[in-house]
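Report on the structure given below.
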Amino acid sequence: MIIARQKKKENIAEYVLYMWQVEDLIRASHFDIEIIQSTIIDKFEQPEEVKKQMRTWYSDIINMMQEEHVTEKGHIQIVKNVVNDIDELHLALLRSPKHVDYNVLFFNLLPCLVEFRQKSCVSAEVNDVELALNMMYDILLLRLQKREISEGTLAAVSQVSRFLAVLSDLYRKDENDELELE
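Sequential numbering of the sequence shown, starting at 9, is according to our numbering.
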């Protein structure tokens, strides 16, 4: 809750990745709030009132995951909506004559995304922003597992990371009405 709130303000891509991680932590905890309480919430040095709020937040996510039938895989609708909002901005930036530099950044990244889509067998229905986020999440999981990552993959990850950082910054500006598209 605390981390999610901060990430949502500062870097929307990191927020999405964090929420995907929360979903996986909930799955790994078998949707048991007591396990989440002891392994996650109790580790925070926060006043009891904040810990109660955190417990409620995790309980709400558990309920959403169960109600939306994403207990095995997939993402809750509020996170999917954020990804769709980011993608809408991405498409607007690609159409905008004021953001040629963004277009160059994205079109230089496109071969990496195409290759990742092919290697990971991701559906063509998955938009480019979600695809980039999927790539970053997969790398996060590989790093957590201490698995080796090839030089080529690291180079691609660097490009995707830069793209998501720029897009997140533009998203923050758009949210604050500081972005001109036309």
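Glycine is no exception: its CB is placed at the ideal position from the N, C-alpha and C atoms. Remember, it's a predicted structure, so these values are computed and weren't measured experimentally.
Below 8 Å on the Cβ atoms is my contact criterion, and I expect Met144 with Leu25 to pass it. Report the Cβ-Cβ distance as a whole number of Å. Counted from its first residue, the sequence shown places residue 144 at position 136. Counted from its first residue, the sequence shown places residue 25 at position 17. Confirmed, about 6 Å.
Evaluate contact between the stretch 93 to 100 and the stretch 123 to 138, counting only Cβ atoms and requiring at least three cross-stretch pairs below 8 Å. The stretch 93 to 100 vs the stretch 123 to 138: in contact.
Exposed or buried, what is His107 when buried is set at 16 or more other beta-carbons lying within 10 Å of its beta-carbon? By 1-based counting over the sequence shown, the position of residue 107 is 99. It is buried - the Cβ of His107 has at least 16 other Cβ atoms within 10 Å.
Given Val91 as reference, the closest of Leu175, Glu42 and Leu187 once Cα atoms are compared: Position 83 of the sequence shown, counting from 1, holds the residue named residue 91. Selected option, being the one with the closest Cα: Leu175.
Mind pulling the alpha helix (DSSP H) runs of 4 or more residues that sit fully within the stretch 39 to 104? 41 to 47, 56 to 75 and 85 to 103
How about Leu139 and Leu121: are their beta carbons less than 8 Å apart? The residue you call residue 139 lines up with position 131 of the sequence shown. The residue you call residue 121 lines up with position 113 of the sequence shown. Cβ distance < 8 Å, so Leu139 and Leu121 count as in contact.
Assess, as a yes-or-no matter, whether the stretch 71 to 82 is touched by the stretch 50 to 61 under the definition of 3 or more beta carbon pairs within less than 8 Å. no
Work out the CA separation of Pro105 and Phe115 for me, nearest whole Å. For the purposes of this step, residue 115 is identified with residue 107 of the sequence shown, where counting begins at 1. For the purposes of this step, residue 105 is identified with residue 97 of the sequence shown, where counting begins at 1. Between Phe115 and Pro105, the C-alpha separation is close to 15 Å.
At which residues does the alpha helix (DSSP H) containing Arg13 begin and terminate? Position 5 of the sequence shown, counted from the first residue, corresponds to residue 13. Residue range Ile10 to Glu18 is occupied by the alpha helix (DSSP H) that includes Arg13.
Span separating the alpha-carbon of Glu56 from that of Glu18: For this step, residue 56 is matched to residue 48 along the sequence shown. For this step, residue 18 is matched to residue 10 along the sequence shown. Cα-Cα distance, rounded: 26 Å.
Taking Ala140 as part of the alpha helix (DSSP H), name the residues at either end of that continuous run. Residue numbering aside, residue 140 sits at position 132 when the sequence shown is read from its first letter. First-last of the alpha helix (DSSP H) with Ala140: Asp136 to Leu152.
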